[in-house]
Amino acid sequence: MKSVLEFKARKASGPKISMVSAYTHWEARFLADSPVDCILVGDSLAVVIDGEPQTFSATVEIMARHTRAVVRGAGGKLVIADFPFLAARKGVPAAVDCAAELLRAGAHAVKVEGVDGHEDVLGHLVGSGVPVIGHLGLTPQSIHAFGGYKVQGRGGEGAAELIRQARAIESAGCFGLVLECVPANVAAEVTAAVGIPTIGIGAGPDTDGQVLVFHDLLGLNPGFGARFVRHFADGGTVVNAGLAAFAHAVAKGDYPAKKESY
Ligand code: KIV
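Heads up: the sequence shown at position 104 corresponds to 213 in this note's numbering, and the numbers run straight through without jumps.
Take a look at the structure:
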């Protein structure tokens, strides 16, 4: 997938959209050669790459640096870059500066968490030619307000509130919406209520697409085991076996062999 126009068209035409959060040139090269549709340079890089407990430490500068690296490996695939913590809350000029950095780094679009109180920012970015995808549900930049990593949008009121916010995101002109950790029936209702594609993570099977983190889906993040994560490969075992084989070969003097020497 090369553009947000293709992304939007999938709501009506299918197939469902696959998105992967990735942070480095190396990961992007694998994704470029895969059938995965698009890449999110998520601020989850603070947790996955830097080992931080939350996403807050990702700055515009860090996001731009990783975006540049990913775009260089992505082979022209649609790359979306995350707005970091509070970048949409400092008003329109600061948000424009952030979007400029991310698009100059090569992103085709940006993702912004939440909507209430920064509808004007979303609308201004879209009106300025910057495609924006929204993000609702368990938005990690608000975990302190949520009291931790908890499923959002439960119950009739929760669902109605999520639908209201999703419609506000659509009205602001966003081209899509990520729904994170909401009950499957609520995600299905939101998906039916809006005309833009929804991408779920921990949001059940009835969204218009799914996103997972590169390391999680490949089994490369052994300490992390949320219910929604499926290991589509046992990467951790492969890596551990490779590292052990290298160490043993070095210890025994089996590596390098003659043909591996000059
Ligand atoms: O930062 C991220 O990778 C994300 C996805 C998990 C949706 O926001």
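Ideal placement from N, C-alpha and C gives every residue a C-beta, glycine not left out.
| Item | Value |
| --- | --- |
| Any chance the region 210-230 sits against the region 173-192, with 3 or more Cβ pairs inside 8 angstroms? | yes |
| Quick check on the DSSP output: the alpha helix (DSSP H) that includes threonine 300 runs from which residue to which? | 293-302 |
| Kindly confirm or deny that the region 158-166 and the region 196-208 touch, where touching means at least three C-beta pairs closer than 8 angstroms. | no |
| Contact defined as beta carbons within less than 8 angstroms: I believe leucine 247 pairs with isoleucine 278. What is the distance between those atoms, to the nearest angstrom? | About 16 angstroms separates the two Cβ atoms, so there is no contact after all. |
| What would DSSP say about cysteine 290, mapped onto helix, strand or coil? | coil |
| Determine the burial state of glutamate 266: buried for a count of at least 16 other Cβ atoms within 10 Å of its Cβ, exposed for fewer. | exposed |
| Could you give the first and the last residue of the continuous beta strand (DSSP E) run that contains valine 221? | 218-222 |
| Over what stretch of residues does the alpha helix (DSSP H) that includes serine 370 continue unbroken? | That residue, serine 370, is in no alpha helix (DSSP H); it is neither H nor E in DSSP. |
| Three-state secondary structure (DSSP) at glycine 182? | helix |
| Taking 7 angstroms as the limit, name every residue whose beta carbon sits nearer than that to some heavy atom of the ligand KIV, in sequence order. | Ser130, Leu149, Gly151, Asp152, Ser153, Thr164, Asp191, Lys220, His244, Pro249, Val287, Glu289, Ile310, Val320 and Val322 |
| Measure the Cβ-Cβ separation of isoleucine 310 and glutamine 319 and say whether it is below 8 angstroms. | yes |
| What are the start and end residues of each continuous alpha helix (DSSP H) run of 4 or more residues lying completely inside the region 186-242, in chain order? | 201-213 and 228-236 |
| Using the beta-carbon count (16 or more within 10 Å), is alanine 190 buried or exposed? | buried |
| Taking one C-beta from the region 238-245 and one from the region 270-288 each time, how about it: are there three or more such pairs within less than 8 angstroms? | yes |
| Do threonine 316 and alanine 301 have their C-beta atoms closer together than 8 angstroms? | no |
| If you follow the beta strand (DSSP E) that glutamine 250 is part of, which residue opens it and which one closes it? | Glutamine 250 -> no beta strand (DSSP E), and no H or E assigned at all. |
| From the DSSP output, in three-state form, read off serine 166 for me. | coil |
| Identify which residue in Arg198, Ala209, Asp206 and Pro365 has its Cα closest to the Cα of aspartate 229. | Arg198 |
| Excluding the five sequence neighbours on either side, which residues of its own chain have a C-beta within less than 7 angstroms of the C-beta of valine 291, listed in chain order? | Gly246, Val260, Gln261, Gly262, Leu271 and Ala312 |
| Can at least three beta-carbon pairs, one atom from the region 333-344 and one from the region 133-142, be found at a separation below 8 angstroms? | no |
| Going by other Cβ atoms of all chains shown within 10 Å of its Cβ, with 16 needed for buried, is valine 299 buried or exposed? | buried |
| Hey, could you find the ends of the beta strand (DSSP E) arginine 320 is sitting in? | What sits at residue 320 in the sequence shown is valine, not arginine. Here the beta strand (DSSP E) through valine 320 covers 318-322. |
| Between histidine 134 and arginine 181, how many whole angstroms is the CB-CB distance? I'm expecting something under 8 angstroms. | 5 angstroms |
| Can you give me the Cβ contacts of alanine 342 inside the same chain, cut-off strictly under 6 angstroms, excluding the 5 residues immediately before and after it? | Leu327 and Gly328 |
| Can you name the start and end residues of the beta strand (DSSP E) that serine 127 belongs to? | 126-130 |
| Indicate whether glutamate 210 and valine 179 have their beta-carbon atoms separated by less than 8 angstroms. | no |
| Within this structure, are the beta carbons of serine 130 and valine 322 separated by less than 8 angstroms? | yes |
| Is valine 303 closer than 8 angstroms to alanine 275 when the C-beta atoms are compared? | yes |
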